[in-house]
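In the numbering used here, the protein residues as written are 236 to 532.
Even for Gly, the Cβ is constructed at its ideal location relative to N, Cα and C.
To start, the structure itself, in structure tokens.
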Amino acid sequence: MAQGHRRSRKNRTSRLRPTCPSGHPGGCRRAFDPRRPWRHRPCVSIHPQHLTITVARADDAMNHARGGEIMLRQCREHGHFSGTNCPVCNEEGKFIMSDREANAVGRILALVLRHAPEKFNVDMDINGWVETRELSKSIADSRRHLHWVRAWHFEAIANADEKGRWQVENEMIRATYGHSIEIELDLPTDDIPDALYWPCEATEVESLLKFGILSGDRKHIHLSRTIGNALEAGHVRINRPSVIEVDTIRAITDGHTIYRAGTTVFLTEEVPPSALFPVGEDDPIVQETFARWDEEE
Numbered sequence: 236m237a238q239g240h241r242r243s244r245k246n247r248t249s250r251l252r253p254t255c256p257s258g259h260p261g262g263c264r265r266a267f268d269p270r271r272p273w274r275h276r277p278c279v280s281i282h283p284q285h286l287t288i289t290v291a292r293a294d295d296a297m298n299h300a301r302g303g304e305i306m307l308r309q310c311r312e313h314g315h316f317s318g319t320n321c322p323v324c325n326e327e328g329k330f331i332m333s334d335r336e337a338n339a340v341g342r343i344l345a346l347v348l349r350h351a352p353e354k355f356n357v358d359m360d361i362n363g364w365v366e367t368r369e370l371s372k373s374i375a376d377s378r379r380h381l382h383w384v385r386a387w388h389f390e391a392i393a394n395a396d397e398k399g400r401w402q403v404e405n406e407m408i409r410a411t412y413g414h415s416i417e418i419e420l421d422l423p424t425d426d427i428p429d430a431l432y433w434p435c436e437a438t439e440v441e442s443l444l445k446f447g448i449l450s451g452d453r454k455h456i457h458l459s460r461t462i463g464n465a466l467e468a469g470h471v472r473i474n475r476p477s478v479i480e481v482d483t484i485r486a487i488t489d490g491h492t493i494y495r496a497g498t499t500v501f502l503t504e505e506v507p508p509s510a511l512f513p514v515g516e517d518d519p520i521v522q523e524t525f526a527r528w529d530e531e532e
């Protein structure tokens, strides 16, 4: 009798036990415990007779367990966004991936699309385009912890990226800037601001004003849309970067092509000294940025 009772209890548990919710294709084949969501990656239900926890409930549990970690989500009306709620309508939206997962995929995108497509055995055309399905399969096959990656994850990352680092069109993806490999850019050359900006060491200013700016290891010079953008870009490697203003009208008149890459990044191969002017440290944006950095330290 006791044995029969145990069997009945086991069957009842099997029928009601929830499996991981549908968030990523593939599956871990384990029951989903909403009290311990960090132990499970969202995945499809393996057995349709099992009770499936809704994606929204799983997202709430995971977000709570991770202490409010930033998520990549999709609003039905306004598209992909990074955060907990749509910045336009404040809707929660559909969970796509965590910020940690998006960063992991983004690092691979940077490696493949900017520097070494051969490391993931994908074909890149002369303009830097790679097929999204081929790339997702290569990532899933070579990185076990990213087995869930699909082509539509790339579109989500590209759409939510404020810098416009990735471009997805017609089931193809490419990096818009940052290449160390030889490609032929077919980026737009219209709507170039009258002034762009370049960060550098304070000791380099005099030399740059005399000889101009030349591309180094990268194939192109990366100019920033604003002084603030240039300061943030330079701060990655320089504690207190100086900024040089680029007169784009003069540079283009002298025969230099400037490409519009990301939302804040513009590319060119060379900037003549005649188009360069230093931005003083007394500039309000420079002073405000330096003060903010001091507070953050």
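Where does the unbroken alpha helix (DSSP H) through residue i begin, and where does it stop?
| i | result |
| --- | --- |
| Gly-463 | 462-470 |
| Glu-531 | 519-531 |
| Leu-536 | Only positions 236 to 532 of the chain appear in the structure, and residue 536 is not among them; the question remains open. |
Nearest by alpha-carbon distance to residue i: which of the options is it?
| i | options | result |
| --- | --- | --- |
| Pro-508 | Ser-459, Gly-490, Phe-446 | Phe-446 |
| Thr-411 | Pro-322, Ala-393, Gln-309 | Ala-393 |
| His-414 | His-382, Arg-308, Ala-351, Glu-366 | Ala-351 |
| Asp-529 | His-470, Ala-395, Asp-396 | His-470 |
| Asn-591 | Ile-484, Cys-435, Ser-317 | For the chain, the structure presents residues 236 to 532; residue 591 sits outside this window and is missing. |
| Glu-550 | Ser-317, Arg-472, Lys-354 | For residue 550 there is no data in the structure shown, the boundaries of the chain being 236 and 532. |
| Val-514 | Asp-425, Leu-502, Leu-466, His-315 | Leu-466 |
| Val-481 | Leu-444, Gly-497, Val-521, Leu-431 | Leu-431 |
| His-455 | Ile-462, Trp-433, Ile-473 | Trp-433 |
| Leu-559 | Thr-438, Ala-437, Asp-429 | Lying before the first or after the last residue shown, residue 559 is absent from the chain, which here runs from 236 to 532. |
| Leu-502 | Gln-309, Asp-421, Leu-346 | Asp-421 |
| Arg-472 | Arg-311, Ala-395, Ala-437 | Ala-437 |
| Leu-346 | Trp-387, Ile-374, Ser-333, Arg-308 | Ile-374 |
| Arg-460 | Arg-308, Phe-389, Val-478 | Val-478 |
| Ser-333 | Gln-309, Cys-324, Ala-386, Phe-355 | Gln-309 |
| Phe-330 | His-315, Asn-356, Leu-344, Ile-343 | His-315 |
Distance check for residue j and residue i, CA to CA, integer angstroms please.
| i | j | result |
| --- | --- | --- |
| Gly-341 | Lys-372 | 15 Å |
| Glu-336 | Val-384 | 10 Å |
| Thr-319 | Ala-391 | 15 Å |
| Val-440 | Arg-495 | 25 Å |
| Ser-450 | Pro-423 | 20 Å |
| Ala-486 | His-382 | 47 Å |
| Thr-499 | Arg-409 | 17 Å |
| Ile-427 | Arg-379 | 43 Å |
| Phe-525 | Asp-360 | 42 Å |
| Gly-302 | His-313 | Residue placement at Gly-302 cannot be trusted, given a pLDDT of 45 that sits under 50; the coordinates are not used to answer. |
| Ile-418 | Arg-349 | 10 Å |
| Val-506 | Ser-442 | 13 Å |
| Met-407 | Ile-493 | 24 Å |
| Glu-531 | Arg-475 | 14 Å |
| Gly-328 | Met-306 | 10 Å |
| Glu-516 | Ala-510 | 20 Å |
| Ala-468 | Glu-504 | 18 Å |
| Val-521 | Asp-425 | 28 Å |
| Glu-326 | Ala-395 | 16 Å |
| Thr-488 | Gln-402 | 29 Å |
| Glu-523 | Gly-497 | 25 Å |
| Val-323 | Ile-343 | 30 Å |
| Trp-364 | His-388 | 17 Å |
| Pro-416 | Asn-356 | Position check: residue 416 holds Ile in this sequence, whereas Pro was assumed. Distance between the alpha carbons of Ile-416 and Asn-356: 15 Å. |
| Leu-370 | Ala-386 | 8 Å |
| Ile-448 | Ile-462 | 17 Å |
| Ala-291 | Asn-405 | Because the pLDDT at Ala-291 is just 40, under 50, the model does not fix this residue reliably, and the point stays unresolved. |
| Asp-358 | Leu-444 | 41 Å |
Buried or exposed for residue i, going by 16 or more other Cβ atoms inside 10 Å?
| i | result |
| --- | --- |
| Asn-362 | exposed |
| Cys-321 | buried |
| Asn-338 | exposed |
| Gly-490 | exposed |
| Pro-519 | exposed |
| Ser-377 | exposed |
| Arg-555 | For residue 555 there is no data in the structure shown, the boundaries of the chain being 236 and 532. |
| Ile-484 | exposed |
| Thr-367 | buried |
| Phe-512 | exposed |
| Arg-311 | exposed |
| Arg-527 | exposed |
Could you check whether the Cβ of residue i sits closer than 8 Å to any Cβ belonging to chain D?
| i | result |
| --- | --- |
| Ile-520 | As a matter of chain content, chain D is missing from the structure shown, which is built from one protein chain. |
At what residues does the beta strand (DSSP E) containing residue i begin and finish?
| i | result |
| --- | --- |
| Lys-354 | Here Lys-354 belongs to no beta strand (DSSP E), and DSSP marks it neither H nor E. |
| Glu-480 | 477-482 |
| Ile-331 | 329-333 |
| Ser-317 | 314-317 |
| Gly-311 | Note on identity: in this sequence residue 311 is Arg, with Gly being the wrong assignment. Counting along the chain, Arg-311 falls outside any beta strand (DSSP E), and DSSP gives it neither H nor E. |
| Pro-507 | From DSSP, Pro-507 is part of no beta strand (DSSP E); its letter is neither H nor E. |
| Val-500 | 500-503 |
- request: Ignoring anything shorter than 3 residues or poking outside the segment 386-468, list the beta strand (DSSP E) runs there in chain order.
  value: 401-404, 407-410, 430-435, 456-459
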